[in-house]
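Each remark here refers to the structure printed beneath this line.
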Amino acid sequence: MEVHIEDLRLAYNGVPAIRDLSLTIGDGESIVLLGQSGCGKTSTMRCVAGLEEPTGGSIRIGERTVFDAVANVNVPSHKRNVGMVFQSYAVWPHKTVLENVIFPLRMKKVGRRQARADGLKTLELVGLGHLADRGASLLSGGQMQRGALARSMAMKPSVLMLDEPLSNLDARLRDDLRVELRRIQVEQGLTSLYVTHDQQEALALADRIAIMRDGIIAQLGTPQQIYSTPASAAIASFLGVTNVFPVTSTHSANRVTLIEHPLELAVDEPIEYPESSACIRPDDIDVRPRETRIGERNRFAGEVTVAVFQGASIRYQVKLTNGPVIDAICPQNAHGVLAVGSSVDVSIDPSSIMVLPNEVPEVRVSERVAA
Amino acid sequence: MSVTLDRPPVNNAPPPAPKPAPNPTVTPRRRMRIGRVVVSGPLLLLVGFLVLVPVGFVVLAAFSTSVPRPGNIDFALTLENFRTLADPSVMKATGNSLLIASLATLLALIIGGFLAFITARSNVPFRAFIYAIGLMPLFLPSYVGALAWAILGSPSAGLLNVALRDLGLDAVVDVYSFGGVVTVMAIFYAPYAFLMIHSAMSMMNPDLEDAAGVHGGSMAQTLKNVTFPLALPAILGSGLLIFILVLENFPVAQVLATPAGIDTLPTYIYRVMMATPARGNDAATVAIVLVGFVLLLTSLQRRYLAKRSYTTVTGKGMKARRVDLGRAKWPAVVFAGGYFLIAVVLPLLALLLTAGRVSPYMSSFRDLAAPGALDFSVFGEILSSAAFFGVAGNSIFVSVLAAALGTALAFAVAYVINRTRARGRALLEGISMVPLAVPHIVLGIGLLWTWLIMPIPLYGTIWVLVVAFLVVQMPQGLRSVSASIQATHRDLEDSAVMLGARRAKAITFVTLPLMKVTLASSFLLLLMLSMRELTVPLFLYTTDTKILSIEIFDLFENGGAAQEAAAMSVVYCVIMFIVSYLPQRFGNQKH
Chain A
305 MEVHIEDLRL AYNGVPAIRD LSLTIGDGES IVLLGQSGCG KTSTMRCVAG LEEPTGGSIR
365 IGERTVFDAV ANVNVPSHKR NVGMVFQSYA VWPHKTVLEN VIFPLRMKKV GRRQARADGL
425 KTLELVGLGH LADRGASLLS GGQMQRGALA RSMAMKPSVL MLDEPLSNLD ARLRDDLRVE
485 LRRIQVEQGL TSLYVTHDQQ EALALADRIA IMRDGIIAQL GTPQQIYSTP ASAAIASFLG
545 VTNVFPVTST HSANRVTLIE HPLELAVDEP IEYPESSACI RPDDIDVRPR ETRIGERNRF
605 AGEVTVAVFQ GASIRYQVKL TNGPVIDAIC PQNAHGVLAV GSSVDVSIDP SSIMVLPNEV
665 PEVRVSERVA A
Chain B
71 MSVTLDRPPV NNAPPPAPKP APNPTVTPRR RMRIGRVVVS GPLLLLVGFL VLVPVGFVVL
131 AAFSTSVPRP GNIDFALTLE NFRTLADPSV MKATGNSLLI ASLATLLALI IGGFLAFITA
191 RSNVPFRAFI YAIGLMPLFL PSYVGALAWA ILGSPSAGLL NVALRDLGLD AVVDVYSFGG
251 VVTVMAIFYA PYAFLMIHSA MSMMNPDLED AAGVHGGSMA QTLKNVTFPL ALPAILGSGL
311 LIFILVLENF PVAQVLATPA GIDTLPTYIY RVMMATPARG NDAATVAIVL VGFVLLLTSL
371 QRRYLAKRSY TTVTGKGMKA RRVDLGRAKW PAVVFAGGYF LIAVVLPLLA LLLTAGRVSP
431 YMSSFRDLAA PGALDFSVFG EILSSAAFFG VAGNSIFVSV LAAALGTALA FAVAYVINRT
491 RARGRALLEG ISMVPLAVPH IVLGIGLLWT WLIMPIPLYG TIWVLVVAFL VVQMPQGLRS
551 VSASIQATHR DLEDSAVMLG ARRAKAITFV TLPLMKVTLA SSFLLLLMLS MRELTVPLFL
611 YTTDTKILSI EIFDLFENGG AAQEAAAMSV VYCVIMFIVS YLPQRFGNQK H
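For the protein sequence lines, the chains are A and B, in the order given. Quick note on numbering: the first sequence equals residues 305 to 675 in our numbering. Quick note on numbering: the second sequence equals residues 71 to 661 in our numbering.
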């Protein structure tokens with residue numbers, strides 16, 4: 305079901321955690337709230353679930369208003385029909401797996417036999433059918449996570465919320481479950497709101513990603529949009545763009561100069577905002593042994609300080625002569641692994657340099673959210 | 071290989087210490103092997119002697135024809151003594167004990183559980199104060215509470231009955247009765263239920279309850295399906311603990327049940343012991359029955375607590391959700407206030423009033439209005455009397471010494487158990503915990519026989535009390551020090567050794583300073599327990615070695631000196647409050 309959040313505000317003892325947040329989740333859509341800890345993403349989710357009482361704004365699920373500060377509406381949690389998978393799973397340890405799953409059905413007064421049948425069906429869906437009668441405290445981390453998911457799905461929620469459900473699992477299991485979660489979400493057409501601080505997870509699971517910073521949505525877009533055109537240097541940096549250098553403009557519109565180093569970069573887009581940075585993905589930087597040819601655009605001399613072999617690629621840190629340390633990821637190629645201390649040429653294609661404002665200007669936020 | 075075959079290994083005797091071998095790979099290995107017995111051996115001997123000999127004498131007396139006495143330990147074994155169990159009065163005492171313990175446990179759980187729930191999980195007003203109410207009766211030793219209630223609720227002259235008569239009401243409160251014993255026991259053991267249930271309820275992961283809320287459970291359904299099932303281990307665990315404590319409680323039963331002609335197992339044992347001639351063998355036999363009950367219950371409790379892991383207690387410090395009590399708020403406050411009144415306020419007022427009343431008889435509260443009817447100079451007299459200072463001095467001397475030695479011994483034992491691979495560690499721990507399963511009335515008898523017989527002339531001196539308290543409080547000391555050793559990461563000490571300190575140095579400079587605060591609170595815990603102990607010294611004191619608890623008990627038992635006794639109880643309560651308040655303060659500093 306569609307979820308409308310409008311001008312949501314939440315403060316803890318006067319300290320704002322959410323500031324005028326508006327967001328619409330379409331029917332069957334998966335939205336991921338992505339941000340660092342303390343940015344208000346979990347609070348937003350808990351407000352929708354009714355576990356937290358907002359200080360202002362309104363929340364509508366389908367046609368029903370579940371919270372409205374002005375009209376003084378606040379539907380209690382258990383009447384909202386919202387599913388939630390907790391970060392700690394919150395699977396009840398004193399019940400069996402099946403008892404956990406049929407709880408929401410029993411609360412809806414579904415008959416014992418019917419509830420059991422439905423519960424088993426849901427457990428099959430997440431691959432836990434064979435463990436139905438096992439005590440929930442005996443499950444492994446991954447199984448608990450599936451159990452928690454089954455419990456929420458069994459209630460046929462209007463919207464399913466997941467609070468960092470994969471963060472307590474080890475890396476390998478996380479990759480597998482990520483794919484499986486996406487499969488179930490798409491197959492069942494679940495309207496879902498997912499909270500994470502892991503960008504890989506966000507990119508994999510979202511129809512749209514909402515990047516949160518300081519209690520507001522800083523950018524909203526499809527994973528592709530967010531990845532290719534982050535709205536600010538801070539967002540870019542959060543998304544794994546490791547080379548971020550504050551810059552100012554020069555006499556030429558096509559050149560910027562680094563504030564902290566005597567170095568100029570050729571760029572394709574001019575500086576739009578007074579406080580901007582040049583952001584370069586490590587994968588967009590080419591590192592090769594020193595050649596005599598000099599004078600090409602954005603070609604700098606440097607020295608390798610760290611080289612890390614990563615299998616398919618090699619990660620370097622290169623200290624540019626008179627410039628910053630730059631982070632580069634190069635595919636395996638004819639050069640092999642360049643030794644630490646070797647002199648190298650670093651080149652950066654001007655079209656791969658993003659010149660972005662350091663922070664999203666507030667004006668642009670409202671425009672983007674409205675759009 | 072061949073070397074060890076030639077010479078049988080000398081395990082127990084440390085070889086004559088040669089100069090440290092130059093080869094560094096030999097020294098540590100040898101030292102470790104020696105260390106495995108050197109550290110645990112003496113401790114095992116000491117603890118074994120202190121604990122097992124008294125218990126052994128009781129067991130022996132139950133199976134032999136005469137009681138152990140100096141120069142005559144009788145090994146003429148017999149089962150004859152067990153006939154006494156068929157005696158109707160023993161059967162009656164057993165039945166009474168079990169019934170009183172069951173009812174008192176139930177009542178204590180209701181009181182403690184309710185207070186725990188409203189303070190941990192509801193929006194009841196005055197939460198902090200109600201929390202304090204839940205703990206406060208702990209500061210009042212149960213027999214002082216019983217004595218105070220005897221003043222309040224004796225059917226003829228009890229203050230409550232005087233008040234009822236003044237008000238023209240016909241009702242009579244009689245605390246010398248089954249109901250009286252049950253109620254007073256429940257009042258003074260309810261804090262145990264309160265503490266355990268409160269901590270279970272406040273440390274519960276709130277996600278578990280939120281999950282029930284989100285998945286369609288209303289507040290009431292969440293409480294029923296999630297909150298209470300998760301608190302159940304704490305409820306049952308504290309229930310068993312209280313049952314054991316009530317079952318073996320001697321003072322309350324002696325003060326309130328004996329005058330009503332109701333025997334419990336502990337009072338029966340005491341009566342038989344104090345009869346002339348003393349029937350030690352019968353007492354020992356009944357004692358075995360009591361120990362049997364306690365052992366059974368302790369093992370039940372252990373089994374239950376072992377399963378407790380499923381409470382998924384998280385230390386996450388998240389705020390638990392609070393139930394809105396709505397209109398039930400005020401009745402809840404009234405309930406807490408009522409408990410405060412009968413557990414703390416009324417007893418203390420009764421003691422104060424008795425201390426200040428000039429005439430021991432009072433037919434109406436109007437009498438108090440007469441000039442000179444109240445005179446609190448008795449406090450001054452007591453506080454300036456040599457007799458009081460002798461007794462109080464004894465109490466403090468014995469308690470401080472027993473607590474200090476007890477903490478030191480507990481540290482040594484806990485260190486060996488938790489940090490070394492010494493042989494007999496499990497045995498050492500087992501023996502140290504034995505006093506927990508032996509009711510104090512039984513331990514008192516065993517200690518009496520032991521120190522009458524031992525060639526060490528301790529009996530009749532104050533030192534026998536120190537040794538007795540050391541034995542009685544060994545389990546509590548070990549538990550508390552063990553917990554704090556476990557909370558101190560062993561890597562901290564090991565790293566000091568890696569950095570070149572000898573083990574003893576590492577303990578002195580790293581482990582002990584780290585445990586300073588918790589050791590101090592263990593010390594204060596033992597101090598408080600020693601100060602309030604009555605049952606064990608009852609068998610061991612002589613006129614020269616009276617301590618406060620004995621003196622108060624004596625003054626009341628023998629009647630006549632009610633005023634002094636009440637005044638002394640008040641002073642005693644003040645001391646107890648100070649001693650019990652300190653560990654709280656110390657405990658809080660940790661966080």
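Every residue gets a Cβ at the ideal spot worked out from N, C-alpha and C, and that includes glycine.
Segments of 4+ residues assigned as alpha helix (DSSP H) that fall wholly inside the region 457-532 of chain B: Along the region 457-532 of chain B, the alpha helix (DSSP H) occurs as fully enclosed runs of 4 or more residues at 495-507, 510-523, listed in sequence order.
Continuous beta strand (DSSP E) stretch holding K623 (chain A): start and end: Its beta strand (DSSP E) spans residues 617-624.
Among B:E499, B:M161, B:M638, nearest to R549 (chain B) - alpha-carbon criterion: It is B:E499.
Burial state of P583 (chain B), where buried means 16 or more other Cβ atoms lie within 10 Å: Label assigned to P583 (chain B): exposed.
Start-to-end residues for the alpha helix (DSSP H) that takes in Y259 (chain B): Element bounds for Y259 (chain B): 248-273.
Start and end residues, beta strand (DSSP E) containing V661 (chain A): First, the amino acid is wrong: residue 661 (chain A) is Pro here, not Val. Its beta strand (DSSP E) spans residues 658-661.
For A281 (chain B) and S456 (chain A), the rounded distance between their alpha carbons: The C-alpha of S456 (chain A) lies about 9 Å from the C-alpha of A281 (chain B).
Stretch pair the region 629-644 of chain A + the region 563-574 of chain A: three plus CB contacts closer than 8 Å: Result no; under three Cβ-Cβ pairs closer than 8 Å.
Contact set between the region 296-329 of chain B and chain A, restricted to residues whose Cβ is under 7 Å from the partner: Near chain A, meaning a CB-to-CB distance below 7 Å, the residues of the region 296-329 of chain B are V296, P299, L300.
CB contact flag (M465 (chain A), A540 (chain A), <8 Å): No, the Cβ-Cβ distance between M465 (chain A) and A540 (chain A) is not below 8 Å.
Own chain, CB closer than 7 Å to R392 (chain B), minus 5 neighbours either side, in chain order: Here the set comprises R191, S192, N193.
Beta-carbon proximity check, P408 (chain A) vs A458 (chain A), cutoff 8 Å: Their beta carbons are under 8 Å apart, which means P408 (chain A) touches A458 (chain A) by this criterion.
L314 (chain A) to N378 (chain A) span [Cα, whole Å]: Answer to the nearest angstrom: the Cα atoms are 14 Å apart.
Listed by chain order, chain B residues near P408 (chain A) by CB distance under 7 Å: Result: H285, G286.
8 Å Cβ cutoff, R416 (chain A) in contact with chain B: Not an interface residue.
Cβ neighbour criterion (16 or more within 10 Å) applied to S341 (chain A): With a 10 Å radius around the Cβ and a threshold of 16 neighbouring Cβ atoms, S341 (chain A) comes out exposed.
Whole-angstrom distance between S592 (chain B) and G514 (chain B), CA atom to CA atom: Straight-line spacing of the CA atoms in G514 (chain B) and S592 (chain B) works out to 23 Å.
is_contact[D394 (chain B), chain A] using C-beta, thresh 8 Å: Closer than 8 Å to the CB of D394 (chain B) there is not a single CB belonging to chain A.
Reduced DSSP category for V96 (chain B) - H, G, I as helix; E, B as strand; rest coil: Caution applies to V96 (chain B), whose pLDDT of 42 falls short of 50 and renders its modelled position unreliable; the value that the coordinates give is listed next. The answer is coil: DSSP assigns V96 (chain B) none of H, G, I, E or B.
Any C-beta of chain A under 8 Å from that of E277 (chain B): In the sequence on display, residue 277 (chain B) carries Asp and not Glu. By this cut-off, D277 (chain B) is an interface position.
Three-state class that DSSP yields for H285 (chain B) in the structure shown: Here H285 (chain B) sits in coil by DSSP.
As assigned by DSSP and simplified to three states, the class of P586 (chain A): Residue state, collapsed to three classes: helix.
Cβ neighbour criterion (16 or more within 10 Å) applied to R560 (chain B): So R560 (chain B) ends up on the exposed side.
Reference K383 (chain A); option with closest CA among A:Y393, A:N637, A:I365: Measuring from the Cα of K383 (chain A), the nearest candidate turns out to be A:I365.
Bounding residues of the alpha helix (DSSP H) (the contiguous stretch that carries D624 (chain B)): Start and end: 618-627.
At least three beta-carbon pairs within less than 8 Å, the region 559-579 of chain B to the region 445-461 of chain B: Short answer: they don't touch.
Inside the region 391-479 of chain A only - beta strand (DSSP E) runs reaching at least 3 residues: Runs found: 463-467.
Contacts around Y498 (chain A), its chain only, beta-carbon distance under 6 Å, and the 5 residues preceding and following it disregarded: Answer for Y498 (chain A): V336, L466, L509, listed in chain order.
Per-residue contacts from D280 (chain B) into chain A (C-beta, under 9 Å): Near D280 (chain B) (Cβ distances below 9 Å), the residues of chain A are R350, A353, L355, S381, M388, F390, A394.
Bridge partner(s) assigned by DSSP for H308 (chain A): Answer is A:T328, A:R364.
Status (buried if at least 16 other CB within 10 Å, exposed otherwise) for Q528 (chain A): Classification for Q528 (chain A): exposed.
N193 (chain B) - DSSP class collapsed to helix/strand/coil: In the structure shown, the three-state DSSP call for N193 (chain B) is coil.
Beta-carbon proximity list for T426 (chain A), same chain, < 7 Å, skipping 5 on both sides: V405, A454, M457, A458, listed in sequence order.
Partners in chain A for Q291 (chain B), counting only beta-carbon separations shorter than 7 Å: Chain-ordered, the chain A residues with CB closer than 7 Å to the CB of Q291 (chain B) read M411.
Beta carbon proximity, H501 (chain A) to chain B, threshold 8 Å: No, because no Cβ of chain B sits closer than 8 Å to the Cβ of H501 (chain A).
Proximity below 8 Å, CB of T477 (chain B) to CB of L589 (chain B): Yes, they are a contact pair.
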